[in-house]
Amino acid sequence: MDTSCTCPFTHVGSAVLFASVAVPLICAALLYLGSVPKMVAKVMAAIGFTVPLVLALYLCTQFADAVKISGYAFYSDASLGLPAAGISLKLGLNGIALPLFAMAAIVSFAAGIYAIAGNQDRQQLYLALLLTMAGGVLGLFASIDIFFFYFFHELALIPTFIMIGIWGGTARRVAAIEMTIYLTLGAMLVLAGLVALYVGSGIATFDFITLRDYLAANPLSLVTQKWVYGLLLIGFGVLVSLFPFHTWAPRGYANAPASAAMLHAGVLKKFGLYGLIQIAAPLLPDGVGQWTNLLVVLALGNILVIGFITMAQKDLRYMLGYSSVMHMGYAFLGIATMGVLGLSGAVIMMFAHGLTIAALFLMADCVEKRAGTTEMASFGGMAHETPVLAALFSAAIFASVGLPGFANFWGELSIFTAVFNMNHLVGALAVLGIIISAIYGLRASAALFFGSRSAAYEKRIAANGKPADLTFAEKLPILVLLGALMFVGFWPRSISDSINAEMSAKYPAAPVQQVVPSAAASLSQDGDVALSGERKF
Amino acid sequence: MLTQAAETFRSLAPNGVDWSSIAPEIALGVWALYVLLREAFRKPGSRGAATFTTIFLLLFSLLCVRNAFAIPAGASASFFGGMIEQSRTTELLRAFFLFSGFLTTLLGGTLLKKQGVPQAEFDVLILLATAGLMLLAQVRDFILLFVALETMSISMYVLVAYIRHSASSLEAGIKYLTQSGLSSALLLAGIALLFGAAGNTALPGACADPFSFRELRVFIFLNQGNAFVLGGAALVLCGLFFKIAAVPFQIWVGDVYQGAPTPVTAYLGVASKAAGFVLLVNVVTGPLLPLRGVLLPLLSAVAILTILFGNLAALGQQNVKRLMGLSGIAHAGYLLMGVCAAMALNVDWPIVAVYFYLFTYLLASYAIFGVMSVLSGEDDSAQTLNDYAGLMKRDSFLGGILAVSLGSLAGIPPMAGFVAKLFLFIAAFTAHLYWLAAVGLFGVVVSIYYYFNWMRVAVFVPCKTEDEVEAGTLKAAPIASGFWLRTVLTTLALITVCLGFWQGFLAL
Chain A
100 MDTSCTCPFT
110 HVGSAVLFAS
120 VAVPLICAAL
130 LYLGSVPKMV
140 AKVMAAIGFT
150 VPLVLALYLC
160 TQFADAVKIS
170 GYAFYSDASL
180 GLPAAGISLK
190 LGLNGIALPL
200 FAMAAIVSFA
210 AGIYAIAGNQ
220 DRQQLYLALL
230 LTMAGGVLGL
240 FASIDIFFFY
250 FFHELALIPT
260 FIMIGIWGGT
270 ARRVAAIEMT
280 IYLTLGAMLV
290 LAGLVALYVG
300 SGIATFDFIT
310 LRDYLAANPL
320 SLVTQKWVYG
330 LLLIGFGVLV
340 SLFPFHTWAP
350 RGYANAPASA
360 AMLHAGVLKK
370 FGLYGLIQIA
380 APLLPDGVGQ
390 WTNLLVVLAL
400 GNILVIGFIT
410 MAQKDLRYML
420 GYSSVMHMGY
430 AFLGIATMGV
440 LGLSGAVIMM
450 FAHGLTIAAL
460 FLMADCVEKR
470 AGTTEMASFG
480 GMAHETPVLA
490 ALFSAAIFAS
500 VGLPGFANFW
510 GELSIFTAVF
520 NMNHLVGALA
530 VLGIIISAIY
540 GLRASAALFF
550 GSRSAAYEKR
560 IAANGKPADL
570 TFAEKLPILV
580 LLGALMFVGF
590 WPRSISDSIN
600 AEMSAKYPAA
610 PVQQVVPSAA
620 ASLSQDGDVA
630 LSGERKF
Chain B
12 MLTQAAETFR
22 SLAPNGVDWS
32 SIAPEIALGV
42 WALYVLLREA
52 FRKPGSRGAA
62 TFTTIFLLLF
72 SLLCVRNAFA
82 IPAGASASFF
92 GGMIEQSRTT
102 ELLRAFFLFS
112 GFLTTLLGGT
122 LLKKQGVPQA
132 EFDVLILLAT
142 AGLMLLAQVR
152 DFILLFVALE
162 TMSISMYVLV
172 AYIRHSASSL
182 EAGIKYLTQS
192 GLSSALLLAG
202 IALLFGAAGN
212 TALPGACADP
222 FSFRELRVFI
232 FLNQGNAFVL
242 GGAALVLCGL
252 FFKIAAVPFQ
262 IWVGDVYQGA
272 PTPVTAYLGV
282 ASKAAGFVLL
292 VNVVTGPLLP
302 LRGVLLPLLS
312 AVAILTILFG
322 NLAALGQQNV
332 KRLMGLSGIA
342 HAGYLLMGVC
352 AAMALNVDWP
362 IVAVYFYLFT
372 YLLASYAIFG
382 VMSVLSGEDD
392 SAQTLNDYAG
402 LMKRDSFLGG
412 ILAVSLGSLA
422 GIPPMAGFVA
432 KLFLFIAAFT
442 AHLYWLAAVG
452 LFGVVVSIYY
462 YFNWMRVAVF
472 VPCKTEDEVE
482 AGTLKAAPIA
492 SGFWLRTVLT
502 TLALITVCLG
512 FWQGFLAL
């Protein structure tokens with residue numbers, strides 16, 4: 100390599116990573132600039148959503164053999180003029196970021212295709228905002244610099260508010276402003292925590308690699324660690340809808356246009372979990388233990404309290420909103436264990452949940468388009484008219500419950516194992532969540548698609564004719580999402596190897612025990628995956 | 012020819028006096044006289060000098076920026092026996108004030124025509140006020156400080172009441188006159204107390220020149236407990252708090268901001284406030300620095316109250332000019348946070364952060380006031396949020412400018428306002444001012460409500476006349492705005508976005 104080269108890219112991979120973040124943003128910028136014919140806007144958006152997906156998949160194949168700089172593959176460093184303040188645009192992927200980056204690309208593609216095929220009012224603006232969101236979520240998982248990690252999150256968050264405000268459901272104005280204020284509060288707490296890290300470390304840099312290496316040699320005092328981690332935990336907690344800071348989520352998602360809900364609930368919300376796993380916990384290892392008990396209690400609140408609330412929902416969108424809040428409880432529990440197994444489980448869970456909830460929100464929108472409502476009592480037996488929708492919806496529900504064969508299973512399995520090893524009672528309570536999600540998930544599926552028709556449904560058929568099944572443009576994104584889930588479900592090592600390698604370097608395997616090999620193998624759907632306890636995660 | 016003129020000035024000067032050092036201010040004064048004369052002898056119907064004044068201010072501002080970077084960083088020079096000190100920073104501040112003068116005359120061109128009032132006198136007053144502000148950026152002496160401040164204030168009294176057929180403008184003028192007069196009196200009393208104490212030969216370190224910042228600093232260091240010193244310092248700060256509209260000297264803001272012609276409101280909100288901060292920074296890190304132990308808690312308390320008052324008062328505000336004024340109070344609170352940090356740490360970079368914040372504030376505020384002057388109807392003071400309903404649909408250009416600028420004021424990335432706020436918070440954290448930073452963050456969250464509410468009205472709420480437009484009974488009135496105004500607003504918004512990504516010129 101020519102070291103005298105001033106170009107920030109050291110390899111093809113770094114340029115590819117940079118491009119996959121830049122392309123959607125450039126397309127968005129072009130769409131903001133001026134009005135273009137509808138077809139041109141659609142083609143441009145299609146480019147902006149497809150290119151990152153292709154590039155992300157390419158990066159996945161290259162990751163294992165890529166040159167790693169301080170643990171990051173595809174490293175690039177583009178200075179934006181503030182090296183003195185310790186800020187520069189550093190991009191790169193490590194084992195934890197890679198699967199999430201891929202997930203972000205897949206969900207962006209699905210949401211994008213669905214939006215292009217849809218027929219929103221002022222579609223050009225809609226696509227431009229969605230492209231901004233996509234660039235933001237891709238950028239946040241690719242950022243090494245903490246400043247840009249936060250920056251990209253905000254970049255993706257603002258379009259969410261605007262999209263809810265313009266194209267949202269009936270309660271859109273309240274939902275938009277409520278979500279804006281609540282999430283800004285969370286973001287400000289996070290910012291305070293990050294600035295405290297920046298200042299507290301004494302080396303005044305936002306570069307994660309430098310901070311990590313410096314703090315490993317010169318850890319902060321226990322008190323500082325405790326309070327900075329506490330700030331980050333609550334701040335990130337608000338952003339991830341940790342109980343009891345979740346109230347913005349169900350209303351926000353229920354009123355968001357489908358593509359925005361997919362990207363936010365699926366990808367952007369994982370920002371907080373990712374921040375805890377990738378940044379807060381490694382930099383503040385002694386602060387984590389101080390908050391474990393509180394975190395476990397709150398996470399159980401997510402699983403049980405919100406679980407019961409989810410069961411009581413009558414509207415499909417609200418149910419999905421609450422269920423996405425509930426599933427965050429598992430990820431928080433995984434983080435609370437602070438072991439390789441639990442944390443790896445949390446990452447797989449984030450990956451799987453992102454794809455699942457995106458598919459479910461998309462299909463909820465398909466249902467609404469056909470019926471004009473998402474009130475679950477006013478359906479019944481729709482599988483006769485829309486068999487493909489019914490099948491795909493049920494498959495997604497199975498995935499979200501954690502049925503083997505889907506990626507969710509591996510995430511939940513390793514989290515439950517880790518939690519059970521930590522504390523039997525907590526483990527037992529957490530497993531109850533599976534039953535709860537099975538109840539509401541299957542009930543929703545049954546109420547919509549099976550059984551006999553409700554009176555309201557009969558009336559709609561009489562008035563508007565029978566609903567049509569999914570079109571190709573609706574099927575494609577759902578199939579991409581479910582396909583990715585099943586791919587990882589049957590071949591978990593495709594992502595778990597890289598996560599495991601990264602986690603083992605960051606965290607001690609003890610005190611958490613590994614999966615008992617025979618038990619794990621007997622649960623496996625896939626014979627040829629070697630499931631030795633040490634290698635699996 | 013310019014060098015010749017400079018030589019002439021130099022030959023006129025006694026020792027230590029270098030008139031060429033304040034040539035820009037002199038030029039502004041001369042130009043103002045020329046505009047007045049030209050207006051007096053102008054034939055009815057012929058064009059005035061307004062366009063030239065605007066261009067003159069812009070070019071001059073750019074010239075100052077160029078000069079600033081010709082001065083090596085860290086170098087400084089004193090003139091007039093130490094009354095004036097010039098460095099790269101002061102040169103950039105000169106450019107800052109010239110640039111805000113340029114924007115004000117440009118907005119004036121749009122608004123004054125609508126109100127049917129002449130522009131020449133307006134331009135003259137802006138030129139004189141700007142000259143005063145430019146001097147303020149460089150003063151290191153209390154008597155010159157007072158004179159320069161009054162040059163600006165007296166021009167502002169007239170400017171605030173400039174729309175003489177509007178009752179609210181006149182009301183604003185009288186309110187500003189009385190309250191500003193009071194604050195000038197406080198400031199002068201403070202200066203007099205310091206002068207009296209420092210001139211007293213019975214006290215240790217008595218000064219030969221008790222107005223000079225440098226000599227006063229030594230004196231105050233030696234007499235920290237002296238009641239006259241403390242009282243004088245407190246009164247000086249009171250006078251400055253009025254200029255930056257810090258609590259408890261903020262009471263004039265609402266009525267004056269609302270009543271003053273929109274360009275003047277912008278000038279008050281940006282240039283006058285910035286001058287207040289420049290003075291405050293120079294005073295608390297200069298002569299008053301030895302009193303840090305007393306002043307830091309005081310300034311922190313003022314900052315906390317200012318942030319809370321500004322944000323909470325702006326929450327329910329419907330009139331957009333008042334809203335800008337009240338939220339401007341909150342911004343003064345954030346800036347005070349930086350001043351506190353600069354004082355606590357006694358280093359320069361928080362001051363750079365404060366000036367950078369002021370610059371981003373100038374960009375965003377003038378863009379918003381620009382949109383306001385375009386939208387303002389017959390009564391300039393009566394704009395409410397409702398007038399912005401559906402702006403995005405009626406004129407997406409103005410809507411976009413508004414969205415970018417409000418985002419910058421709210422501190423949303425990728426706008427410059429975010430980076431500027433971040434630096435201030437880093438400064439506060441570094442100085443261990445945790446409570447102050449916490450209140451600041453709280454304030455930012457609250458401010459999201461009213462800034463986003465404004466954006467929400469502009470983007471989501473349908474325009475009042477929209478239904479009628481769709482019914483075909485009424486054509487949506489096209490929003491007229493000049494080409495140059497649009498170009499300048501676009502430039503402001505672009506700089507706001509670019510500074511959010513690239514801040515390389517800051518030598519933090």
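So the sequence lines, in the order shown, correspond to chains A and B.
Under my numbering, think of the first position of the first sequence as 100, with each following residue one higher.
Under my numbering, think of the first position of the second sequence as 12, with each following residue one higher.
Heads up, the beta-carbon is just placed ideally off N, CA and C, and yes, glycines get one too.
On a predicted model such as this, the values are computed, not experimentally measured, just so you know.
(message) On the DSSP bridge list, what partners appear for tyrosine 171 of chain A?
(response) A:Ile168
(message) Taking 6 angstroms as the limit between beta carbons, can you name the residues of its chain near leucine 136 of chain B, skipping five residues before and five after?
(response) Ser166, Val169, Leu170
(message) Which residue marks the beginning of the beta strand (DSSP E) containing lysine 189 of chain A, and which one marks its end?
(response) 186-192
(request) Work out the CA separation of alanine 217 of chain B and asparagine 211 of chain B for me, nearest whole Å. (result) 6 angstroms
(request) Please list the partners that alanine 517 of chain A has in chain B, where partner means a Cβ-to-Cβ separation under 8 angstroms. (result) Ordered by position in chain B, no residue passes the 8 angstroms Cβ test against alanine 517 of chain A, which lies about 34 angstroms from the chain.
(request) Inspect the beta-carbon positions of arginine 271 of chain A and asparagine 354 of chain A and report whether they are closer than 7 angstroms. (result) yes
(request) Could you pull the start and end residues of the beta strand (DSSP E) that serine 87 of chain B belongs to? (result) 87-90
(request) Please go through the same chain and pick out, in chain order, the residues whose beta-carbon is closer than 7 angstroms to the beta-carbon of leucine 382 of chain A, but skip the five residues on each side of it. (result) Leu296, Leu310, Arg311, Leu314
(request) Please look up how many angstroms separate the CB atoms of glutamine 130 of chain B and glycine 119 of chain B, rounded, as I've assumed it's under 8 angstroms. (result) 6 angstroms
(request) Please confirm whether phenylalanine 71 of chain B and leucine 109 of chain B have their CB atoms less than 7 angstroms apart. (result) yes
(message) Taking only three categories from DSSP, how would you classify glutamine 261 of chain B?
(response) coil
(request) Could you tell me how far apart the beta carbons of leucine 678 of chain A and glycine 371 of chain A are, in whole angstroms, since I believe they sit closer than 8 angstroms? (result) Residue 678 of chain A is absent from the structure shown; chain A starts at 100 and stops at 636.
(request) Go to leucine 231 of chain B, then tell me how far its alpha helix (DSSP H) extends in each direction, as first and last residue. (result) Reading off the sequence shown, one finds isoleucine at residue 231 of chain B, where the question assumed leucine. Its alpha helix (DSSP H) spans residues 224-233.
(request) Just the chain A side, please: which residues come within less than 8 angstroms of leucine 452 of chain B by C-beta, in chain order? (result) Met287, Leu288, Leu290, Ala291
(message) Which residues does DSSP list as the beta-bridge partners of threonine 521 of chain B?
(response) The first residue shown for chain B is 12 and the last is 519, placing residue 521 of chain B beyond what the model contains.
(request) Assign valine 439 of chain A to one of two classes, buried (16 or more other C-beta atoms within 10 Å of its C-beta) or exposed (fewer than that). (result) buried
(request) Could you round the C-beta distance between alanine 210 of chain A and methionine 427 of chain A to whole angstroms and report it? I think they count as a contact, below 8 angstroms. (result) 20 angstroms between Cβ atoms; not a contact.
(request) Please classify glutamine 190 of chain B: does DSSP put it in a helix, a strand, or coil? (result) helix
(message) Which residue wins for smallest C-alpha separation from alanine 209 of chain B, given the options B:Ala106, B:Phe153, B:Ile231, B:Leu197?
(response) B:Ile231
(request) Taking all protein chains shown into account, decide if valine 614 of chain A is buried (16 or more other Cβ within 10 angstroms of its Cβ) or exposed. (result) The predicted model places valine 614 of chain A with a pLDDT of 42, which falls under 50 and marks its position as unreliable, so this point remains unresolved.
(request) Leaving out five residues on either side along the sequence, give the residues of the same chain with a beta carbon under 6 angstroms from the beta carbon of proline 349 of chain A. (result) Tyr417, Gly420, Tyr421
(request) Classify proline 301 of chain B as buried or exposed, calling it buried when 16 or more other Cβ atoms lie within 10 Å of its own Cβ. (result) buried
(request) Measure how close the beta-carbons of tyrosine 462 of chain B and leucine 417 of chain B come, nearest whole angstrom, since I'm counting them as under 8 angstroms. (result) 5 angstroms
(request) Run down chain A in chain order and give the residues with a C-beta less than 8 angstroms from the C-beta of arginine 467 of chain B. (result) Gly264, Arg272, Ala275, Ile276
(request) Check whether the Cβ of threonine 502 of chain B lies closer than 7 angstroms to any Cβ atom in chain A. (result) no
(message) Would valine 294 of chain A pass as an interface residue toward chain B - the criterion being a Cβ-Cβ separation below 7 angstroms?
(response) yes
(message) Looking at the secondary structure, which residues open and close the alpha helix (DSSP H) in which glutamate 96 of chain B lies?
(response) No alpha helix (DSSP H) contains glutamate 96 of chain B, which is instead part of the beta strand (DSSP E) from 95-98.
(request) Answer with yes or no whether the minimum CB distance from isoleucine 643 of chain A to chain B is below 7 angstroms. (result) Given a span of 100 to 636 for chain A in the structure shown, any question on residue 643 of chain A remains unanswerable.
(request) Determine, using beta carbons only, whether valine 468 of chain B and leucine 396 of chain B come nearer to each other than 7 angstroms. (result) yes
(request) Indicate whether glycine 501 of chain A and isoleucine 533 of chain A have their beta-carbon atoms separated by less than 7 angstroms. (result) yes
(request) Find the nearest neighbour of leucine 459 of chain A within the set A:Phe508, A:Ile263, A:Leu442, A:Leu488, judged by alpha-carbon distance. (result) A:Leu488
(message) Here's a check: name, in chain order, each residue in its chain whose Cβ is nearer than 8 angstroms to the Cβ of phenylalanine 342 of chain A, leaving out the five neighbours to either side.
(response) Leu397, Ala398, Gly400, Asn401, Val404, Ile405, Val424, Gly428
(request) Name the one or two DSSP bridge partners that serine 376 of chain B has. (result) Serine 376 of chain B pairs with nothing; no bridge assigned.
(request) Within its chain, find whatever has a CB closer than 6 angstroms to the CB of phenylalanine 206 of chain B; leave out the 5 residues flanking it on each side and keep chain order. (result) Pro221
(request) Go ahead and pull the three-state DSSP assignment for serine 178 of chain A. (result) strand
(request) Kindly list, in the order they appear in chain B, the residues whose Cβ is closer than 8 angstroms to that of tyrosine 297 of chain A. (result) Ile437, Phe440
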